[in-house]
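What follows is a set of notes on a single structure, which appears directly below.
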Amino acid sequence: MKKSVLIIGSGIGGLSTALRLLSKGYDVKVYEKEKMIGGKTNQLVHPPFTFDLTASILMNREVYEEVFHDANLDYKDFIEFIKVDPTYRSFYPDGTFYDFTRDLVSLIKTLESISTEDAIGYMKFLSEVYERYIIANDHFLHQSFENAMDFFKPSSLINASKTKAFSTSHQLISEYIKDEKLQEFLSYQSLYVGISPYEGPSIYTLVPVISQLYGLWHLKGGMYSFIKALEKAIYSFGGVIETNFSVNEIIISNGKAIGIKSTKNETIFADIIISNADFPYTMDTLLKSDTHKGKYKTSKLVDLKYTCSTFIIYLGLKKKYPQLSVHNLYLNVDFKKNIDSAFTGHLPTNPSLYIYCPTRVDNSMIASDGECISIVARVPNLFFRNIAWNEKTIKFMRNNILSALKNISGLEDIEEDIIYENYLTPQNLKDSFNAYGGAAFGLSPTLTQTNYFRPHFMSSYVKNLYFVGSSVHPGPGVSIVLLSSKLVVQEILRNDS
Ligand SMILES: Cc1cc2nc3c(=O)[nH]c(=O)nc-3n(C[C@H](O)[C@H](O)[C@H](O)COP(=O)(O)OP(=O)(O)OC[C@H]3O[C@@H](n4cnc5c(N)ncnc54)[C@H](O)[C@@H]3O)c2cc1C
């Protein structure tokens, strides 16, 4: 008989795990607290504008294809990739900007316009980090590390040392690159996992390096089209997704997970329970007894390290802005001070920004002659209790962001073209998706919270209970969560064989 699986949460992790298990013959049901599926990878629609709520940068395209391949489906029947080139346009307060193209000839021209020393440094930096990436990919990202010996065996420890993760991202970057603007361009991207480039391990320099070497992509319709594609594929296998269903408890009997209870007291039973809800939230709220939590007891959760959060403004504009590319950075004055503020409990006064303008390449996200842009700034998570996300705070952030934006040549009058405006705060991430402490990327992927030291896929204390998502191994980001789904499914299949 088919084994039944119940998944709490319809984020990337929940949906991709559902599809993989359905294709292996499991009977799968997904329960989501929100009205819309997708979790943080969500969509904001306000005709004629369509915005991706959070994730927008698509790296490692083959990992997206692989989910369909693993389910014996052809990804081309579900999603359409659009090449993004330049991968980035980075703007600076002095009015300069650089395009980072996929094409080596124009890239080298950009770099040489900075200095030949930095052009050589950039190439050496790519090669150094590429080597580390190959090691990380071969030995860490695709390992489940359920077993201590998988990590502590000599070959793993030798490979870990080869990734030379002990310096910070910024230290490694400045070893190769002298120009401050170029340093900031690379450092900012290490922030995509929610960790400071001045404190986090240098392994996260692989973010800008993968983008440069393998390119970035856009999905037609935006990142949310991947969620819609997973939903369609799940239904094609007879899977069930129920929305507006908030789980209150994972039911445990004799050390075994046997079902879930909703906030309205409905109970549903299954052979296997998987929580895609943020791991620390699952420990804090969905498991009711400390005996089932191991080292992640509620009182211990505050001792863990969490990523920073984000504040986002969504703007629907009435005219086109060809000055912008799809992915843009505005690297502001006092770069370090303003980045540090997100990790020390302060709001940035001169925020550096990531500006996403998908309508540069995708008309399906706009039904008018305007533009949709989302502007993201790093801010403290909710563990810093000194900041309340009220109207005053939102106004402060909004005004600082808009005055930074207006420094970009051609965007001076942007405020006059706004016909729709909305915001996403750390509090919204917590309230809508149960992101623990409003941390945008979950548990921080520091050295002491990575690989074997990050929460595992399988509970050691409760049989038949599994976890998938940003706060478990290997870490945050859509493509990395997709790897987490692949690994948890491998674990389930192994335990069932
Ligand atoms: C601002 C921002 C920008 C980002 N940009 C990028 C990017 O450009 N590229 C990239 O690759 N990644 C990006 N990311 C990261 C990426 O969005 C996440 O890593 C990914 O979406 C997380 O997926 P998940 O499955 O782990 O969890 P989630 O998306 O958090 O899904 C968990 C789901 O569980 C549901 N849930 C929680 N509690 C319950 C309950 N009690 N009952 C029922 N359901 C429940 C939630 O509502 C949610 O739907 C970004 C993240 C943020 C916040």
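1 is the number of the first residue of the sequence shown in UniProt numbering; add one for each residue after it.
Beta carbons: idealized from backbone N, C-alpha and C, even for Gly.
From a predicted model like this one, the values you see are computed outputs, not experimental measurements.
Per DSSP, which residues does R378 bridge with? Please list them.
Locating residue 378 in the sequence shown gives position 378, where the first residue counts as 1. T310, per the DSSP bridge assignment.
Under the three-state DSSP convention, the category Q212 falls into
For the purposes of this step, residue 212 is taken as the residue at position 212 of the sequence shown. Note: Q212 maps to helix in three-state DSSP.
Report yes if the C-beta distance between I419 and I375 is below 8 angstroms; otherwise report no.
Numbered from its first residue, the sequence shown carries residue 419 at position 419. Numbered from its first residue, the sequence shown carries residue 375 at position 375. Contact: no.
Between K35 and T205, which are expected to be in contact by the criterion C-beta below 8 angstroms, what is the C-beta distance as a whole number of angstroms?
Position 35 of the sequence shown, counting from 1, holds the residue named residue 35. Position 205 of the sequence shown, counting from 1, holds the residue named residue 205. Not really, about 39 angstroms apart at Cβ, beyond 8 angstroms.
Report, in whole angstroms, the separation of the C-beta atoms of L230 and L22, which I expect to be a contact under 8 angstroms.
As a first step, residue 230 must be located in the sequence shown, where it is residue number 230. As a first step, residue 22 must be located in the sequence shown, where it is residue number 22. Between L230 and L22, the beta carbon gap of about 11 angstroms keeps them out of contact (Cβ cut-off 8 angstroms).
Would E371 be called buried (16 or more neighbouring beta carbons within 10 Å of its own) or exposed?
Residue numbering aside, residue 371 sits at position 371 when the sequence shown is read from its first letter. Flag for E371 reads buried.
Thinking C-alpha only, which one of F49, W217 and G11 is nearest M319?
Taking the first residue of the sequence shown as position 1, residue 319 is located at position 319. With the sequence shown as reference, residue 319 is identified as Lys, and Met is not the correct amino acid for it. Of the candidates F49, W217 and G11, the one whose C-alpha sits nearest the C-alpha of K319 is F49.
Measuring only from the beta carbon, is residue 498 closer than 7 angstroms to any heavy atom that is part of ligand 1?
The structure shown does not extend to residue 498, since the chain spans only 1 to 497, so no value can be given for it.
How is F383 classed by DSSP in three states: helix, strand or coil?
Position 383 of the sequence shown, counted from the start, is the residue given in the question as residue 383. F383 falls in the coil class under three-state DSSP.
D496 lies in the alpha helix (DSSP H); which residues open and close that run?
As a working mapping, residue 496 is identified with position 496 in the sequence shown. Here the alpha helix (DSSP H) through D496 covers V478 to D496.
Please state whether DSSP places A257 in a helix, a strand or coil.
Here residue 257 refers to the residue found at position 257 of the sequence shown. Three-state DSSP puts A257 in a strand.
Thinking N276 and G11 are a contact (beta carbons under 8 angstroms), I'd like their distance in whole angstroms, please.
The residue given as residue 276 occupies position 276 in the sequence shown. The residue given as residue 11 occupies position 11 in the sequence shown. With 8 angstroms as the limit, N276 and G11 qualify as a contact, their Cβ atoms being about 5 angstroms apart.
Using only the alpha-carbon positions, how far apart do T446 and G194 sit?
Along the sequence shown, read from residue 1 onward, the residue named residue 446 stands at position 446. Along the sequence shown, read from residue 1 onward, the residue named residue 194 stands at position 194. If I take the Cα positions, the gap works out to 10 angstroms.
My assumption, with CB atoms under 8 angstroms, is that Y64 sits in contact with F226. Please give the rounded CB distance.
Here residue 64 refers to the residue found at position 64 of the sequence shown. Here residue 226 refers to the residue found at position 226 of the sequence shown. About 6 angstroms separates the two Cβ atoms, so the contact holds.
Is it true that the CB of R102 sits closer than 8 angstroms to the CB of G215?
Residue 215 sits at position 215 when you count from the first residue of the sequence shown. Residue 102 sits at position 102 when you count from the first residue of the sequence shown. In this structure, R102 lies closer than 8 angstroms to G215 by Cβ.
Candidates L15, K29, G9 and G14, of which the one nearest K3 by Cα
Walking along the sequence shown from the start, residue 3 turns up at place 3. Nearest C-alpha to K3: K29.
Looking at ligand 1, does it come within less than 7 angstroms of S470, judged from the CB to the closest heavy atom?
Residue mapping note: residue 470 aligns to position 470 of the sequence shown, counting from 1. Indeed, a heavy atom of ligand 1 lies less than 7 angstroms from the Cβ.
If contacts are defined as beta-carbon pairs under 8 angstroms, then L286 and I250 qualify, I think. What distance do you get, rounded to the angstrom?
Here residue 286 refers to the residue found at position 286 when the sequence shown is read from its first residue. Here residue 250 refers to the residue found at position 250 when the sequence shown is read from its first residue. Indeed, because the Cβ distance is near 5 angstroms, the residues count as touching under 8 angstroms.
Say yes only if the C-beta of T310 is nearer than 7 angstroms to one or more non-hydrogen atoms of ligand 1, and no if none qualify.
What you label residue 310 is simply residue 310 of the sequence shown in a count that begins at 1. Result yes, Cβ under 7 angstroms from ligand 1.
Got a sec? Which residues, its chain only, sit under 8 angstroms from K463 by beta carbon, not counting five neighbours each side?
The sequence position of residue 463 within the sequence shown is 463, counting from 1. Only G255, K256 and A257 meet the Cβ criterion.
Quick one: what's Q143 bridged to in DSSP?
Taking the sequence shown and counting its residues from 1, one reaches residue 143 at position 143. According to DSSP, which records beta bridges pairwise, Q143 is partnered with nothing at all.
Of the residues D70, K261, L331 and D52, the one placed nearest Q490, counting alpha carbons only
Taking the sequence shown and counting its residues from 1, one reaches residue 490 at position 490. If we check each option's Cα against that of Q490, D70 comes out closest.
Is V326 near ligand 1 - that is, is its Cβ less than 7 angstroms away from at least one heavy atom of it?
Taking the sequence shown and counting its residues from 1, the one referred to as residue 326 is at position 326. Not under cutoff, so the answer is no.
Between which residues of its own chain and G14 is the CB-CB distance below 6 angstroms, once the five residues before and five after are set aside?
The sequence position of residue 14 within the sequence shown is 14, counting from 1. The answer, listed in chain order, is I7, V30 and N276.
Boundaries (first-last residue) of the alpha helix (DSSP H) holding S127:
Residue mapping note: residue 127 aligns to position 127 of the sequence shown, counting from 1. Per DSSP, S127 belongs to the alpha helix (DSSP H) from T116 to A136.
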